[in-house]
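Everything below concerns the one structure shown next.
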Ligand code: IVH
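Residue numbers (our numbering): 336 to 1021.
Following this line, the structure appears as C-alpha cells:
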C-alpha cells in the first residue's frame, strides 16, 4: 500500500468507525456486530501505526484516540471528577500475554498480581455518593463529561440510596463509583415481545435496550423497564485511601457499602493464571444476571495502576479479552411467515441445520420486512448466524461471494398466510399485520397466551390442544374455554376420559387464579407480568381496570399514579378496553362466574418523607425536569400544587425562581434545592 492509498483508506475507516460509534453510543441502534466493529477499528489502528504520516495527513481526530461519545439531546451534562476512560481490547490469547509482558517491563517487576472480572455488556455509568448519600448518576459521555441521568437511575430498585457505613472506618466525604447499567435477558425478551405485538422495531440485544432506556427523557417510562446496575471501578474518592490499596479490597468495600458488585472475580498471578481464570469465566458466564462479552484483566495493586499510567483513551493497567461470538455459515432454505397473537407477521429464516455454541440452529428470526431488505437477505443465500445477546440466533450477514445468480429478492406476502386477509401497515409501525381479529391463528395464540403458565395457568391446554379446540370451532375466545362440554371433549379420542376430567378440573381451578394472571392473560400490549401485578394490586378487579380512565393512571403533569405504570402502558390499556369486544369479554367472564379479585393496595409510599406532603416547583432545576420531579413526588405519595400557600410543605426551587420563592419566604414555607430533594426521595426508599 502506498502512503497515498493508506491516507485514503484511513480517512474512509475513520468515517466508518465514527458512524458506527454514533449508531452504538448515541442511537443505541448498531448496524454491525461488536466483533465486526472491533475488526474495523483494529484495521484503522494498525494502519495509523504503520503509516503515521498518512494518519496525520488524513486530518481530524481519530476515533482510535477517543472514547465513543454517548451524550444526547435533552440532558444536562456533568463533568466527571476523574475522566472515564475506555479499555483496550483483544480477542487473542497471545495479545493478552503480551499485555502482561509489557507491564513486567514497564514496572520492572517479574511477578504481578491481577484481578480478572467479567466484562459486563451494558453501558458505563458513574455514581456519586456524598456523605454516604446517593446524589448523582452520569453516563460516560465523551469521557470528560457525561449526561446526568439521576432521575432515570433512581428507578433502579437495586441502586442503594445510601451507603452502609463500615464499622471502624471514617465516613466517606465523596466517592465516584463506576459500573454498568444493564438489563436481564428475561426483561429484554418481555419488552421486545411487547414491541413485536405493537408492530414496533425490535431492539437487537439487552445492551442496546438498556442504553436506549437510560436515555429516555421521561423517568416514569424508564421505571417500566426494569434496569439493573453492577459496580466494578473507582473514579474519585475522598478520603483517598478509603477503598484500600488493591482492586480486590475495592470490591470488598463496594460490597460492604451495600452496592451490587460483579458476581465473581479472580485474584491471580502471572499470565497462565490469568488465562485459566478467563477460561473459567467463559465457562460460567451463562449463569450471570448480565450478558458478559469478555473478561477484564486489571493490575490488582492500585499503586502499580498509578505507575503504569494511561493513554488518552485507556489505562495501561487493564485489558479486555473479548469472547468471540460463535458464528456459523449455513444456507437459507426458505423464509416462512409467522402470525402472532396480535396479527403481526414475523419472517423466520428456515436454515439448513447448523451447530452453534453447543446447539443445533435451524430457525432464526428475521424481525421484519425492512430488516430483510436492509441486509438484502435472499432465499438460497449463504448466511452467517450468530447468537445475539448470547442466546437468540440471528442472521447477521449474507455471504455475497457465494450468492447464486438465480437468488432473487424476497417478496413479502401481501396476504395473511393463515386467513388470506390483505395485510396492513399501521402508521408509525414497521410491522405488517393481519387485520382480521377472527384470524384462526390469532385466535389460537390469544387462547394459548391466556392459558399459559404466566396466564391463568391451565394444565393440559398446550398448543396442540388449543389447535384442536379451535379447529372444532368450540373455542373462539377465552370465554369459550369455560363453556366446553364434557360430552364434546369425550369425542376427541378413545381413552380420553381421564385427560378430559383433568382439563375440566384445571379450567375450574383457573377460575380462582390470582387477578394479575387474568390481567396478563388478556394480552394487552405492553402489559407484562410485572405490570399486570401492579395493575391488579391497584385496581382490585377486572371491571375496575376495564372502566378506568386516563386520569386514574396519569395525574397532573403526566405524573404516574400507579408505580410501574406510565403513559405508554396506560394508553395501551385504554385502547384495549375501548374495543367493545374486549369490554364484552369481561362481561362474559363475569356471567360465567369468573370475577377474580385482589386486595386493593394503595400505592405504598416510596419515600417516608414525601408521603402526604405538598410541593410547589419553581425555577429550573439543575438536572431534573419538572415532569421528572413531579413523577418522583407523586410516586412517593406526595402532591404537587401550582401555587404557594400556608398548606405548602416544601417549595422545590431551582435557578431563576420567581414570585413563588418570595411568597414561600414570606409565609415561612421550607425551601429546598434539588440536592436536598434527591436526599429526601432517597430516605426510606431502599
Ligand atoms: S474497567 C478505565 N471493568 O467496558 C476503564 N470496565 O469496553 C475502566 N466494562 O468503558 C473500565 N465491565 O464500560 C471495567 N469489569 C469491568 C467492566 C468494564 C464492562 C465496560 C466499561 C468500559 C468498557 C470498555
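Beta carbons are placed, not taken as given, at the ideal position from N, Cα and C, and that holds for glycine.
Which full runs of the beta strand (DSSP E) of 3+ residues lie inside the region 405-472, going along the chain? Qualifying beta strand (DSSP E) stretches, in chain order: 412-414, 448-455, 458-465.
What does the alpha-carbon distance come out to for the pair residue 466 and residue 474? For residue 466 and residue 474, the distance between alpha carbons rounds to 21 Å.
Is residue 650 near the ligand IVH, going by C-beta to nearest heavy atom under 7 Å? Answer for residue 650: yes, Cβ within range of the ligand IVH.
N- and C-terminal bounds of the alpha helix (DSSP H) containing residue 994: According to the DSSP assignment, residue 994 belongs to the alpha helix (DSSP H) that extends over 994-1002.
Pick from 817, 961, 504, 414: whose alpha carbon is nearest that of residue 571? Distances from the CA of residue 571 to each of 817, 961, 504, 414 were compared; the closest alpha carbon is that of 414.
What are the boundary residues of the beta strand (DSSP E) that includes residue 976? In the DSSP assignment, residue 976 falls within the unbroken beta strand (DSSP E) covering 974-976.
Quick one: is the Cβ of residue 515 within less than 7 Å of any heavy atom of the ligand IVH? When distances are taken from the beta-carbon of residue 515 to the heavy atoms of the ligand IVH, the shortest one is below 7 Å.
Could you tell me which whole beta strand (DSSP E) segments of length 3 or greater appear in the region 595-637? 601-604, 627-634, all fully within the region 595-637.
Report the residue ranges of all beta strand (DSSP E) runs contained in full by the region 497-529; include only those spanning at least 3 residues, in chain order. Note on the region 497-529: whole beta strand (DSSP E) runs with a minimum of 3 residues are 509-517, in chain order.
For residue 749, three-class secondary structure by DSSP: Per DSSP, reduced to three states, the secondary structure at residue 749 is coil, with no helix or strand assignment.
So the alpha helix (DSSP H) residue 369 belongs to, where does it begin and stop? That run of the alpha helix (DSSP H) goes 369-385.
For the candidate residues 714, 346, 676, whose alpha-carbon lies nearest to that of residue 684? When the alpha-carbon of residue 684 is set against those of 714, 346, 676, the nearest one is in 714.
Quick check: the Cα distance between residue 614 and residue 451, rounded to an integer number of angstroms? For residue 614 and residue 451, the distance between alpha carbons rounds to 11 Å.
Please indicate yes or no: does the CB of residue 475 lie closer than 7 Å to some heavy atom of the ligand IVH? At least one heavy atom of the ligand IVH is nearer than 7 Å to the Cβ of residue 475, so yes.
For residue 808, name the three-state secondary structure that DSSP assigns. Three-state DSSP puts residue 808 in coil, outside helix and strand.
Does the distance between the C-beta of residue 370 and the nearest non-hydrogen atom of the ligand IVH fall short of 7 Å? Incorrect: residue 370 has no Cβ contact closer than 7 Å to the ligand IVH.
Within 10 angstroms of its Cβ, does residue 372 collect 16 or more other Cβ (buried), or is it exposed? Counting other Cβ atoms within 10 Å of its Cβ, residue 372 reaches 16 or more and is therefore classed as buried.
Does the Cβ of residue 403 have 16 or more other Cβ atoms within 10 Å, making it buried, or fewer, making it exposed? When all chains shown are included, residue 403 counts as buried.
Anticipated Cβ contact below 8 Å, residue 483 with residue 411, distance rounded: So it is a contact: roughly 5 Å between Cβ atoms.
Using only alpha-carbon positions, find the residue among 377, 385, 409 that is nearest to residue 398. The candidate whose alpha carbon is nearest that of residue 398 is 377.
Endpoints, the beta strand (DSSP E) within which residue 671 is located: From DSSP, the beta strand (DSSP E) with residue 671 extends over 662-674.
Residue 937 to residue 948 span [Cα, whole Å]: For residue 937, the predicted model reports a pLDDT of 45, less than 50, meaning its position is unreliable; a value from the coordinates is still stated below. Between residue 937 and residue 948, the C-alpha separation is close to 16 Å.
Please state whether DSSP places residue 932 in a helix, a strand or coil. Residue state for residue 932 is assigned as strand, using DSSP reduced to three classes.
I think residue 1095 touches residue 385, with their Cβ atoms under 8 Å apart; what is that distance to the nearest whole Å? Lying before the first or after the last residue shown, residue 1095 is absent from the chain, which here runs from 336 to 1021.
Taking C-beta to C-beta, are residue 765 and residue 536 nearer than 8 Å? Taking 8 Å as the Cβ cut-off, residue 765 and residue 536 qualify as a contacting pair.
Residues in the same chain with beta-carbon distance under 7 Å from residue 921, minus the five sequence neighbours each way, listed in chain order, please. Around residue 921: 877, 878, 881.
Opening and closing residue of the alpha helix (DSSP H) in which residue 903 lies: Counting along the chain, the unbroken alpha helix (DSSP H) around residue 903 starts and ends at 902-913.
For the ligand IVH, any of its heavy atoms closer than 7 Å to the Cβ of residue 589? It does not: the Cβ of residue 589 is nowhere closer than 7 Å to a heavy atom of the ligand IVH.
To the nearest angstrom, report how far apart residue 754 and residue 341 are at their CA atoms. Whole-angstrom Cα-Cα distance: 58 Å.
What residue from 343, 983, 1011 has the CA that sits closest to residue 1001's CA? Of the candidates 343, 983, 1011, the one whose C-alpha sits nearest the C-alpha of residue 1001 is 983.
Need the endpoints of the alpha helix (DSSP H) that residue 839 sits in, please. It spans 832-845 - the alpha helix (DSSP H) in which residue 839 sits, taken as one unbroken run.
How is the alpha helix (DSSP H) around residue 888 delimited, first residue to last? Taken as a continuous stretch (DSSP letters only), the alpha helix (DSSP H) holding residue 888 covers 885-888.
Residue 592 in three-state terms, based on DSSP: Residue 592 sits in coil when the DSSP states are folded into three classes, being neither helix nor strand.
Measure how close the beta-carbons of residue 639 and residue 442 come, nearest whole angstrom, since I'm counting them as under 8 Å. In this structure residue 639 is in contact with residue 442, their Cβ atoms being roughly 6 Å apart against a cut-off of 8 Å.
Is residue 631 near the ligand IVH, going by C-beta to nearest heavy atom under 7 Å? For the ligand IVH, at least one heavy atom lies less than 7 Å from the Cβ of residue 631.
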